[in-house]
Amino acid sequence: MEIIRSHKKTALEVGSSLSLYRCAPHLEVRLDEFELYAIDRLRVLKGISDGLSRGRKPDEMENVVSELWKANMRHPDPSQMMNKDIISHFVLRLVYCRTEELRKWFLSMETTLFRYRFRFESSESQRLLMNEFQLPYKALNLAEYEGVKDKLFQVSRSMGQYSNVDTTFFKVPFEEVPELVGSRRVFLLKGNAYVAMNQAVSIVVSHFRSNLSKALVLTNRKWTSTIREQEKDRLTPIVEALSSSYLGPDYSLPNEFAAITLKDIDQLANSSFPLCMRHLFYKLREDHHLKHRGRMQLGLFLKGVGLKLDDALAFWRTEFSQKVGNDRFDKEYAYSIRHNYGKEGKRTDYTPYSCQKIISSTASVGDHHGCPYRHFSEESLRAALAQTGVGGRALDDVIDKVKHHHYQLACTMTFEAIHSTPCDTGINHPNQYFTESQKLLAPKVIILADLEIFYSRFVISSFITLFQVLTS
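In terms of the UniProt record's numbering, the sequence shown opens at residue 1 and continues consecutively.
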C-alpha cells in the first residue's frame with residue numbers, strides 16, 4: 001500500500017507578503033541596492049517612529065504604516081518586492097545591532113511594523129504564519145471551551161463584541177500577552193490567558209520581538225568579531241553611516257525661497273529661523289564671536305538659505321571685527337568661510353547640517369551649537385521658546401516631548417505653534433524649517449505688496465480725477 005503524505009503549505013505558498021526573517025537571504029546584492037533598499041525601509045521605520053511619537057491612535061497608525069509601505073517598499077519588478085523586504089531588513093539589522101540604543105529603537109520599530117503587517121494578512125495566512133513560529137499552544141477543545149464559555153462571553157461583551165461563535169481560542173501563559181492582560185481583553189484563569197484567534201497578533205508579535213531581540217545580540221557579536229574588519233573597505237562605511245543618515249531633500253543649494261541679503265537677515269532670523277539657528281544668531285550678535293562648530297552650524301545654514309559668499313564674508317566680518325579686528329579676521333576666519341563655499345582647499349561644496357547631526361553633537365562650556373531641545377535646561381528652553389511666542393498648552397506639550405527625548409517632534413510642534421498650522425511631514429532639517437516657514441509667510445508678503453500697488457494706483461487715480469475736475 002502506498003502511503004501518501006500531505007504537503008504542509010507555508011505562508012509564502014498561500015501568497016503571504018510577510019516574512020519572519022529567520023535566516024539571511026542567500027542572494028547576490030549590488031552595493032547600490034544594499035544601500036537604497038535600506039534607506040527605503042528606514043523611511044518606513046522613521047515614519048512609524050514619528051507617528052507613535054505624535055500619539056497616533058491604532059487605526060491611524062494602521063493607515064500610516066500602509067501608506068509608508070506603499071510609498072517606499074515597492075519595486076519595479078513585483079517579483080522582487082519580497083527580496084527587497086528581506087534584504088532591507090537584514091541590512092538594517094546590521095546597522096542597528098551595534099549599540100544598545102540602536103538595538104532598542106530598531107526592535108521597537110520593526111515589531112510595530114510587523115504587528116500592522118500581520119493584521120493586513122488574510123486569516124489563512126495568519127494561521128500559517130503562526131504554524132511557522134511553531135508556537136506551543138493548542139486550540140481549546142470542546143470540553144475546555146464549554147467550561148469557560150460564559151467567562152469568555154463576558155469579556156467579549158465588555159469590549160462591545162457579542163458573539164464568540166466559530167472563534168478559536170488558545171490558552172497562553174499570561175506573561176506572554178502583557179498588552180492584552182493590561183487592557184483587560186482576555187479571560188485569566190490559573191496563570192493562563194484565553195486568547196481569541198482575532199487577538200493572535202499579540203502572541204505572534206511577542207515571539208517575533210523575542211526572536212529579533214536575540215538575533216540582534218548575535219548579529220552584534222558577528223559584526224564586532226569579524227564582519228566590521230572584513231568589510232572595512234566596502235560595507236562597513238555604508239553600515240556605519242546609515243544609522244545617522246538624513247533622508248530628506250538636499251539643502252546644499254538654495255531653493256525658490258532661499259535667497260537672502262544682509263538687509264533681510266535680522267527679520268528672517270526672527271520670523272523663520274529654527275530655535276537652534278536663532279540661538280546661534282543672537283549669541284553671535286551678543287558676543288561678536290562663535291567657536292568653530294557654532295560657526296560651521298550657522299554658516300552652512302545661512303549658505304543653504306541663500307546668503308552669497310560676499311555677503312557671508314561681510315556678515316561675519318562685521319560681527320567678528322568688533323572683537324578681534326579686521327586683520328585677525330582676514331587671517332584666521334575668512335579662509336574657513338570661503339572653504340565652506342567650496343572656494344578653498346579641496347573645493348568641496350559643504351552641505352548644511354541636518355537635525356540628526358545637530359542633535360548628536362556635543363557641546364562644551366562656551367559652545368552654543370547643537371540642539372537646544374536636547375542641550376538646554378528646562379528653564380532655559382522655556383525662556384527661549386517664550387521669546388518665539390510659544391506659550392500656554394503648546395509650550396507644555398513641547399516640553400513634554402523633550403522629556404521623552406523626541407527632539408525633532410518638539411521642534412515640529414514649535415513650528416506648528418508659531419505658524420498656527422500643522423506640519424505633517426515633521427521637521428528633519430533646519431533649512432526645511434526655514435523653507436516651510438517662508439512658504440507660509442511669502443503669500444502674506446505678496447498680498448501686502450499687492451495692497452501697496454493698489455493703494456498707489458488709487459491715489460494716482462484720485463489725483464488725476466481731481467486734476468480733471470479742477471481744469472474742466
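For glycine and all other residues, C-beta sits at the position ideal for the given N, C-alpha and C. Since this is a predicted model, take the numbers as computed values, not measurements.
Own chain residues within Cβ distance below 7 Å of residue i, not counting five before or after
| i | result |
| --- | --- |
| Phe-320 | His-288, His-289, Phe-329 and Tyr-333 |
| residue 478 | Residue 478 is absent from the structure shown; the chain starts at 1 and stops at 472. |
| His-279 | His-368, Pro-372 and Ala-384 |
| Met-159 | Arg-185 |
| Ala-363 | His-369, Gly-370 and His-375 |
| Tyr-407 | Ile-359, Cys-371, Tyr-373 and Arg-374 |
For residue i, the first and last residue of its enclosing alpha helix (DSSP H)
| i | result |
| --- | --- |
| Asn-72 | 58-72 |
| Leu-385 | 378-388 |
| Val-148 | 142-158 |
| Gln-126 | 123-132 |
| Arg-54 | It is not in any alpha helix (DSSP H) - Arg-54 carries neither H nor E in the DSSP assignment. |
| Gln-267 | 265-272 |
| Val-239 | 236-242 |
Same chain, Cβ closer than 6 Å to residue i, neighbours up to 5 away in sequence not counted
| i | result |
| --- | --- |
| Ser-17 | none |
| Phe-208 | Phe-114 |
| Glu-35 | Ile-238 |
| Leu-451 | Unreliable positioning characterises Leu-451 in this predicted model, as indicated by a pLDDT of 46, which lies under 50. A coordinate reading is not provided. |
| Arg-317 | Phe-329 |
Residue i versus residue j: straight-line alpha-carbon distance, rounded
| i | j | result |
| --- | --- | --- |
| Thr-435 | Gly-248 | 13 Å |
| Glu-100 | Lys-357 | 19 Å |
| Asn-326 | Val-217 | 56 Å |
| Glu-124 | Gly-51 | 29 Å |
| Ile-39 | Glu-67 | 16 Å |
| Leu-42 | Leu-92 | 8 Å |
| Gly-342 | Lys-291 | 21 Å |
| Glu-132 | Asn-220 | 25 Å |
| Gln-199 | Glu-176 | 13 Å |
| Arg-234 | Val-29 | 13 Å |
| Phe-273 | Tyr-433 | 7 Å |
| Val-398 | Val-65 | 25 Å |
| Leu-212 | Arg-98 | 14 Å |
| Met-197 | Val-205 | 14 Å |
| Tyr-168 | Phe-174 | Rather than Tyr, the amino acid found at residue 168 in this sequence is Thr. One C-alpha to the other measures close to 17 Å. |
| Tyr-137 | Leu-102 | 32 Å |
| Glu-179 | Gly-147 | 25 Å |
| Val-390 | Val-402 | 15 Å |
| Ser-122 | Lys-214 | 28 Å |
| Leu-285 | Ala-442 | The sequence given here places Arg at residue 285; Leu does not occur at that position. Distance between the alpha carbons of Arg-285 and Ala-442: 26 Å. |
| Ile-446 | Asp-264 | Confidence at Ile-446 is low in this model, with a pLDDT of 43, below 50, so its placement is unreliable and the value that follows should be read with caution. The alpha-carbon atoms of Ile-446 and Asp-264 are separated by roughly 16 Å. |
| Tyr-194 | Tyr-116 | 22 Å |
| Leu-448 | Tyr-251 | Here the model assigns Leu-448 a pLDDT of 43, short of 50, so the residue's position is not dependable and the matter cannot be decided. |
| Leu-400 | Arg-393 | Looking at the sequence shown, residue 400 is not Leu but Asp. Straight-line Cα distance between these residues: approximately 10 Å. |
| Lys-8 | Lys-70 | In this prediction, Lys-8 scores a pLDDT of 44, lower than 50, which makes its location untrustworthy; no coordinate-derived value is stated. |
| Val-365 | His-405 | 22 Å |
| Asp-424 | Ser-225 | 42 Å |
| Asp-32 | Tyr-96 | 19 Å |
| Gly-294 | His-339 | 15 Å |
Delimiting residues of the beta strand (DSSP E) encompassing residue i
| i | result |
| --- | --- |
| Ala-193 | 192-196 |
C-beta atoms of residue i and residue j nearer than 9 Å
| i | j | result |
| --- | --- | --- |
| Ser-360 | Ser-244 | yes |
| Cys-371 | Asn-428 | no |
| Leu-409 | Arg-54 | yes |
| Trp-105 | Ser-156 | no |
| Lys-303 | Tyr-353 | no |
| Lys-151 | Leu-94 | no |
| Thr-412 | Leu-275 | no |
| His-419 | Leu-440 | yes |
| Phe-271 | Ser-79 | Per the sequence presented here, residue 271 reads as Ser, with Phe not at that position. The answer is no: Cβ separation not under 9 Å. |
| Val-201 | Gln-267 | no |
| Phe-170 | Ala-139 | yes |
| Gln-154 | Phe-120 | no |
| Val-305 | Ile-260 | yes |
| Lys-149 | Met-109 | no |
8 Å Cβ shell around residue i - same chain, five flanking residues per side excluded
| i | result |
| --- | --- |
| Tyr-282 | Ala-269 |
| Met-73 | Asp-40, Arg-41, Val-44, Met-81, Lys-84, Asp-85 and Ser-88 |
| Phe-315 | Leu-262, Ile-265, Leu-302 and Leu-307 |
| Met-61 | Ile-48, Gly-51, Leu-52, Thr-112 and Tyr-116 |
Closer than 8 Å: residue i CB and nearest the ligand GTP heavy atom
| i | result |
| --- | --- |
| Met-277 | The ligand content of the structure shown is nil, which means the ligand GTP is not present either. |
9 Å Cβ cutoff, residue i in contact with chain B
| i | result |
| --- | --- |
| His-289 | No chain B appears in this structure, which consists of one protein chain only. |
Entirely enclosed alpha helix (DSSP H) segments - the region 346-423, minimum 4 residues: 355-360, 372-375, 378-388, 392-403 and 407-419
3 or more residues per run - each beta strand (DSSP E) lying fully within the region 165-229: 169-173, 187-189 and 192-196
Continuous alpha helix (DSSP H) assignments of at least 4 residues falling wholly in the region 278-337: 292-304, 309-324 and 326-332
Inside the region 78-114 only - alpha helix (DSSP H) runs reaching at least 4 residues: DSSP runs (the alpha helix (DSSP H)) wholly in the region 78-114: 81-96.
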